[in-house]
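For what it's worth, numbering that gives the first Met the number 0 labels the leading residue of the sequence shown as 0, then goes sequentially.
Positions of the beta carbon are idealized from the N, C-alpha and C atoms, including for glycine.
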Amino acid sequence: MILRSIALASTLALAPVAASANWQLDPSHSAVVFEVEHLGYSNVTAVFPEVAADIESFDPENLENASFSVTIDAGSITTFWDARDEHIRGGDFLDVANYPEITFVSGEITRTGDDTAEITGDLTIRDVTQPVTLQAKINKIAPSPMNPDQQVAGFTLTGEIDRTEFGVDAYAPAIGTVLPVTINVELNNEG
């Protein structure tokens, strides 16, 4: 769910940019979004708006050596319905009082095309760590039209997460267990 910036940062390695670049997540143009099936009647959309990313190494000539980590504020989750959000933050689901963060640490990055990559890493929810694979697409890497000295990189990552693998198994399977995840990310580089 929160894998977004992490996987996106890795994808940067697919574009021709400087290895020493100081890339930072632009939280105003990034979101981790997922859906949960509700009793077969509908899908509920959820968003984690508070995400931080550390890009520890990045070399476009050596993609496999890129590494990054992402931290998501689990309590920031919103489904746009306050009572449901409080329930999800509670012990049945995320238990944010005991597990306030969700993290992703990158592992292997494999180029799959000119503007695509597969990113694997370790996702931790409620102190349970499982391997996760995301498909990444580079949308665009170019100077900002508002500040030509600033490079901007945009990515979309997609994948699925089985919440029960992380001990988040309340009401399964009536409430969906496999969650489709879409992560839209922008990164900025001031040079």
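For Ile87, the uninterrupted alpha helix (DSSP H) segment begins and ends at Asp81 to Arg88.
When the alpha-carbon of Ser56 is set against those of Val127, Glu159, Thr176 and Trp22, the nearest one is in Trp22.
In the three-state reduction of the DSSP assignment, Arg162 falls in the helix class.
The straight-line gap separating the alpha-carbon atoms of Asp84 and Phe33 is approximately 14 Å. Put simply, the stretch 74–91 does not touch the stretch 151–165. Fewer than three CB pairs are less than 8 Å apart. Secondary-structure assignment with DSSP links Ser27 through no beta bridge to anything.
In the DSSP assignment, Glu100 falls within the unbroken beta strand (DSSP E) covering Glu100 to Gly112. Between the C-alpha atoms of Phe103 and Gly120 there is a straight-line separation of about 7 Å.
Going by DSSP, Ala135 is part of the beta strand (DSSP E) stretching over Val127 to Pro142. The alpha-carbon separation between Trp80 and Asp25 amounts to approximately 26 Å.
For Asn188, the uninterrupted beta strand (DSSP E) run begins and ends at Val177 to Asn188, by DSSP. Beta-bridge partners of Gln150 (DSSP): Pro142 and Asn188. Excluding the 5 residues flanking it on each side, Ile174 has same chain C-beta neighbours closer than 8 Å at Val35, Glu36, His37 and Leu38, in chain order.
Within the same chain, no Cβ atom closer than 8 Å to the Cβ of Pro172 is found once the five residues on either side in sequence are excluded. Contact check for Val127 against Gly166 passes: the beta carbons are separated by less than 8 Å.
In this model, Thr115 and Ala45 are separated by some 25 Å (Cα to Cα). Taking a C-beta distance under 8 Å as the contact criterion, Ile140 and Gln150 qualify as a contact pair.
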